[in-house]
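One structure is given here, and the rest of the page talks about it.
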Amino acid sequence: MSVKIKRDLLKYGNAKCVSCRICAGQLLPDETATLYEGRVPEDIIYAFYSRAAERYFLCTDSDCYVSGNGEDFIQLNALAGKSPFAVEEIVDGVGRAVVINGSSAVAHNGSSFMAFGLKYALSCGVMHCGRLFGGDADDGLLLRWSGEGGVRDWEEGLTGCGSVRLDPERGRILNVLEYGGKLVIVRERGLTVADMYGSPENFAVRITDTDTDGIYKNTAAVAGGKLLFYTVSGLAEFDGNAVRKVGHRMAGDASAPTYSLGKGEYYYLACRSDIFKGPAILRYDTGNGQSCVIDAIAYALCDDGDICAYNSTGLQRIGGAGRMSYLCGDIYFGESHATLTEIRLQTEGVDVEISCGAAVRKFYNASGVIRPRMRGTQFGIKLTGAKPVYGAAAVAEVMNGV
0 MSVKIKRDLL KYGNAKCVSC RICAGQLLPD ETATLYEGRV PEDIIYAFYS
50 RAAERYFLCT DSDCYVSGNG EDFIQLNALA GKSPFAVEEI VDGVGRAVVI
100 NGSSAVAHNG SSFMAFGLKY ALSCGVMHCG RLFGGDADDG LLLRWSGEGG
150 VRDWEEGLTG CGSVRLDPER GRILNVLEYG GKLVIVRERG LTVADMYGSP
200 ENFAVRITDT DTDGIYKNTA AVAGGKLLFY TVSGLAEFDG NAVRKVGHRM
250 AGDASAPTYS LGKGEYYYLA CRSDIFKGPA ILRYDTGNGQ SCVIDAIAYA
300 LCDDGDICAY NSTGLQRIGG AGRMSYLCGD IYFGESHATL TEIRLQTEGV
350 DVEISCGAAV RKFYNASGVI RPRMRGTQFG IKLTGAKPVY GAAAVAEVMN
400 GV
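Using numbering that gives the first Met the number 0, you'd call the opening residue of the sequence shown number 0 and step up by one each time.
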């Protein structure tokens with residue numbers, strides 16, 4: 000005697016999402032990457048869009064490049080080093096971008112640029128209350144800050160530059176960010192929170208319970224009111240008080256993270272995807288905990304209103320709703336063999352690929368009920384298309400042993 004067992008595919012917790020999301024029980028196409036071929040340098044390690052200068056900047060380990068449209072870049076200035084970063088400041092009433100790599104810097108206000116050197120080599124940094132705060136490139140435990148005059152002001156004195164040495168337990172400084180009005184210093188094994196207001200005699204480093212396992216450099220970004228970053232055990236978030244690990248659908252797919260960016264509720268991470276067996280972008284929604292991967296290669300990311308992903312081919316803009324894939328693997332209907340008799344679909348059309356280990360069947364632009372008649376102990380079902388799926392279920396016939 001046999002029984003029929005149904006599995007709701009849109010409630011399948013182990014399904015993998017590529018450019019799609021589950022919302023209100025429906026599968027919806029989501030952000031994809033569109034390529035804009037242009038002239039970009041090879042070996043990009045940093046990207047930045049400056050609203051102050053209305054310019055795009057890309058860095059390699061030897062040079063800084065600039066563009067007005069984000070697609071075609073020209074060399075701006077030599078800027079050698081392994082850890083470029085950029086800040087914005089106002090000088091004589093004019094906003095400008097300053098790209099820094101070690102002790103070298105180049106500033107651009109949209110119409111002209113100038114190169115100059117810094118007194119100290121920095122590995123990362125952020126503008127906060129009119130000063131540049133950054134990690135010392137030679138002494139990884141030293142946090143330095145400029146004077147009230149901004150990036151170029153490294154004069155000693157009451158309102159001048161200074162430094163503080165951090166405890167060694169959490170390791171070297173990886174990044175410095177502004178979060179919740181405070182500075183968060185991202186380190187190799189945890190976070191340090193600092194109050195840096197007013198004059199230096201009021202500066203303070205707070206003791207916080209924010210030890211973590213190993214953190215990847217350049218993966219910290221603010222999104223949805225949280226500071227998110229990637230550790231060797233996965234995604235984590237800091238809410239100003241404590242750190243917690245973040246579980247999500249695509250956690251097992253992403254590895255080798257290199258670069259992140261926060262925009263609104265979304266956290267974007269350039270990484271390696273097991274689905275693509277290569278580079279991709281992980282997107283995590285802080286609002287509902289949903290995650291997906293986007294088929295894009297990103298050496299570096301920046302935000303000009305869109306998410307811009309750069310590699311040696313050119314610019315890929317992330318946005319819109321395009322073609323999606325929804326992958327359900329290892330679907331079981333019991334301990335014994337089952338016959339997959341139906342796939343029930345509520346959609347205007349989606350491609351369906353079904354595997355049972357021994358065979359693969361494909362149905363194109365399918366809707367309603369399809370009848371695979373495939374037998375196996377476990378099944379993989381992949382839905383691909385550009386139209387919403389309002390319902391999807393798999394039905395199998397299984398002998399109940401009576």
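All C-beta atoms, glycine included, are put in the ideal place defined by N, C-alpha and C.
Only exposed fits residue 115, as fewer than 16 other CB atoms lie within 10 angstroms of its CB. DSSP lists 228 and 244 as the beta-bridge partner residues of residue 235. Taking 8 angstroms as the upper bound for CB-CB distance, residue 394 and residue 343 are in contact here, some 7 angstroms apart.
Here residue 199 carries a helix assignment [DSSP, helix/strand/coil].
For residue 336, DSSP records no beta bridge to any residue. Residue 337 is classed as buried because its beta carbon has at least 16 other beta carbons within 10 Å across all chains shown. Between residue 143 and residue 169 a beta carbon distance of about 18 angstroms is seen, past the 8 angstroms cut, so the two are scored as non-contacting. Residue 173 and residue 134 have their alpha carbons spaced roughly 7 angstroms apart. Judged by DSSP secondary structure, residue 134 falls within the beta strand (DSSP E) whose first and last residues are 130-135. In the structure shown, residue 81 adopts coil according to DSSP, grouped into three states. One Cα belongs to residue 315, the other to residue 19, and the distance between them is close to 18 angstroms.
The C-alpha of residue 38 lies about 39 angstroms from the C-alpha of residue 160. Inside the region 17-61, DSSP marks whole beta strand (DSSP E) runs of 3 or more residues at positions 19-22, 25-28, 31-36, 45-49 and 54-58, from first to last along the chain.
Beta-bridge analysis with DSSP links residue 112 to 107. Taking the Cα of residue 348 as reference, the smallest distance to any Cα among 364, 138 and 35 is reached at 364. Counting C-beta pairs with one atom in each stretch, the region 82-98 and the region 107-126 have three or more that are closer than 8 angstroms, which means they touch. Counting along the chain, the unbroken beta strand (DSSP E) around residue 268 starts and ends at 265-272. Take the alpha-carbon of residue 194 and the one of residue 321: they are about 44 angstroms apart. Of the residues assessed, residue 399 falls on the exposed side of the cut-off, its CB having fewer than 16 other CB atoms within 10 angstroms.
Here the alpha carbons of residue 245 and residue 88 stand approximately 34 angstroms from one another. Runs of the alpha helix (DSSP H) lying entirely within the region 310-392 and spanning at least 4 residues: none are present. If the five residues before and after residue 391 are omitted, its C-beta is found closer than 6 angstroms to the C-beta atoms of 8, 9 and 344, all from its own chain and listed in chain order. In the pairwise beta carbon analysis, the region 254-271 is classified as touching the region 200-218: at least three pairs are separated by under 8 angstroms. Judged by DSSP in its simplified three-state form, residue 15 adopts strand.
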